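These notes are about the structure you will find just below.
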Amino acid sequence: MHPRMPLYLRELFFSPLVPEPLRILFCGSDAFSCASLRALHARLGSLVEALDVMVLPGRRVGRGPGVVRQVPCRVLAQELGLRVYERETFRGWELPRGTNLVVAVSFGLFVPSRILASARYGGLNVHPSLLPDLRGPAPIHHALLRGDTHMGVSLQTLDDKAFDHGTILAQTPAPGFPIPPSASLQTITHEAATRGAEMLIRGLEKNLHVPPRHDAGWKAADLRARGVDTLQHAPKITKADSRIEPAWTAEQFARRVRVLGS
1 MHPRMPLYLR ELFFSPLVPE PLRILFCGSD AFSCASLRAL HARLGSLVEA
51 LDVMVLPGRR VGRGPGVVRQ VPCRVLAQEL GLRVYERETF RGWELPRGTN
101 LVVAVSFGLF VPSRILASAR YGGLNVHPSL LPDLRGPAPI HHALLRGDTH
151 MGVSLQTLDD KAFDHGTILA QTPAPGFPIP PSASLQTITH EAATRGAEML
201 IRGLEKNLHV PPRHDAGWKA ADLRARGVDT LQHAPKITKA DSRIEPAWTA
251 EQFARRVRVL GS
């Protein structure tokens, strides 16, 4: 902005009623997050003014020195020519200068209040469930294991105290989109990732990230209509989840194989 611009114009430009151009730090890891990163990159120069990426460090695979396997989001960010920050903690780190929004999608690290407060618009998250049902890192797995016939995605703010407790800014209308009976985990993940990326872009276009924010989440009646009596957490899948129970029905067994493999 020109330093000699009249004060009244500067005040108008920086008014809360006039959103700033988006300068985003995107935090991601897996294929699900890559869909949102691609969508944001496609809007560089229009909706998005600047886009940096934070990822977790790669992991060594194989015996001995092995090979470092980078997370998919880092590989994509490098292909797109974006600046990448590799971190396993936010401790001692500051947002890139000028960043005004943090977008975290399937990231794995909790974004602390200090970082969120440094960005004018705080943070957003795309989550593949009809929040607050299936909060946690593996909602798609648990939706399929539970035998859900529909699922959805939610766009929420990043809460500064807990994962998946932000204000829901947009959400797939209940009961959600259908889950085909024979669809694989990969197919449903791709579908949810695509819908989530579209919801993120629409939300930014509508300035849903700009206060005041309004909760667009489900109501209790919507949950009952889906046949869900209680909210369920969706913790990380472990080896224990592959355990077979003799009392299971053929359908329950088939779900396990479908989601977790044989």
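Numbering (UniProt numbering), first residue to last: 1 to 262.
Note that beta-carbon positions come from the ideal geometry of N, C-alpha and C, so glycine has one too.
All of these numbers come straight from a predicted model, not from anything done at the bench.
Contact test: residue i Cβ vs the ligand NAD heavy atom, cutoff 7 Å
i, result
"GLU245", "In the structure on display, the ligand NAD does not appear, and there are no ligands present to speak of."
Residue i, buried or exposed, once every other Cβ within 10 Å from all chains shown has been counted against 16
i, result
"ILE244", "exposed"
"SER36", "buried"
"GLU11", "Caution is warranted here: a pLDDT of 42 is assigned to GLU11, below 50, making its placement in the model unreliable, and the coordinate value is therefore given only provisionally. Under this definition GLU11 is an exposed residue."
"PRO173", "exposed"
"SER15", "The pLDDT assigned to SER15 is 48, lower than 50, so where the model puts this residue is not dependable, and the model offers no usable value."
"ASP215", "exposed"
"GLY196", "buried"
"VAL18", "exposed"
"SER129", "buried"
"SER33", "buried"
"LEU9", "The predicted position of LEU9 is uncertain, since its pLDDT is 47 and thus under 50; no value can be drawn from it."
"THR149", "exposed"
"SER184", "exposed"
"VAL259", "buried"
"GLY92", "exposed"
"ALA247", "exposed"
"VAL105", "buried"
"PRO139", "buried"
"GLY147", "exposed"
"ARG74", "buried"
"VAL67", "exposed"
"ASN207", "exposed"
"VAL61", "exposed"
Where the alpha helix (DSSP H) containing residue i begins and where it ends
i, result
"ILE140", "139–146"
"GLY196", "185–205"
"GLU20", "Where GLU20 is concerned, there is no enclosing alpha helix (DSSP H), given that its DSSP letter is neither H nor E."
"ARG256", "250–260"
"ILE115", "113–118"
Beta-bridge pairing of residue i - partner residues as DSSP gives them
i, result
"ASP52", "LEU25, ARG83"
"SER36", "Answer by DSSP bridge pairing: none, since SER36 is not bridged."
"SER154", "HIS127, GLN171"
"VAL105", "GLY28"
"PRO212", "BP columns for PRO212 are empty, so no partner."
"ALA177", "The question names Ala, but residue 177 in the sequence shown is Phe. Paired residues: MET151."
"LEU44", "VAL48"
"ARG135", "HIS233"
Span of the beta strand (DSSP E) around residue i
i, result
"MET69", "Per the sequence shown, residue 69 should be read as Arg rather than Met. Segment 67–69, the beta strand (DSSP E) holding ARG69."
"VAL61", "59–61"
Closest residue to residue i among the options (Cα-Cα distance)
i, options, result
"HIS165", "THR189, SER129, ARG135, ARG114", "ARG135"
"GLY261", "ASP241, CYS34, ALA247", "ASP241"
"VAL153", "ARG69, GLU198, GLY122", "GLU198"
"GLY45", "SER33, GLY58, ILE24", "ILE24"
"GLU191", "GLY176, PRO72, LEU231", "GLY176"
"GLY28", "ALA77, TRP248, ARG120", "ALA77"
"GLN171", "ILE179, GLN70, LEU200, PRO180", "LEU200"
"ASP30", "ARG69, VAL48, HIS41", "ARG69"
"LEU116", "ARG43, VAL126, HIS127, VAL102", "VAL102"
"ARG97", "LEU22, THR194, MET151, PRO212", "LEU22"
"GLN156", "PRO178, GLY147, GLY58, HIS127", "HIS127"
"ILE188", "ILE168, ARG213, MET151", "MET151"
"VAL257", "SER182, PHE90, HIS233", "SER182"
"ARG213", "PHE90, THR230, TYR121, PRO235", "TYR121"
"LEU204", "VAL48, ARG38, PHE26", "VAL48"
"LEU124", "THR238, ALA234, HIS209, ALA193", "HIS209"
Any 3 or more C-beta pairs closer than 8 Å across the region 83–102 and the region 36–56: With the rule of 3 Cβ pairs closer than 8 Å, the region 83–102 counts as touching the region 36–56.
Three CB pairs or more closer than 8 Å across the region 244–256 and the region 152–170: Counting Cβ pairs under 8 Å, fewer than three are found: no touch.
Contact between the region 143–150 and the region 106–123 (3+ Cβ pairs under 8 Å): Touching, no.
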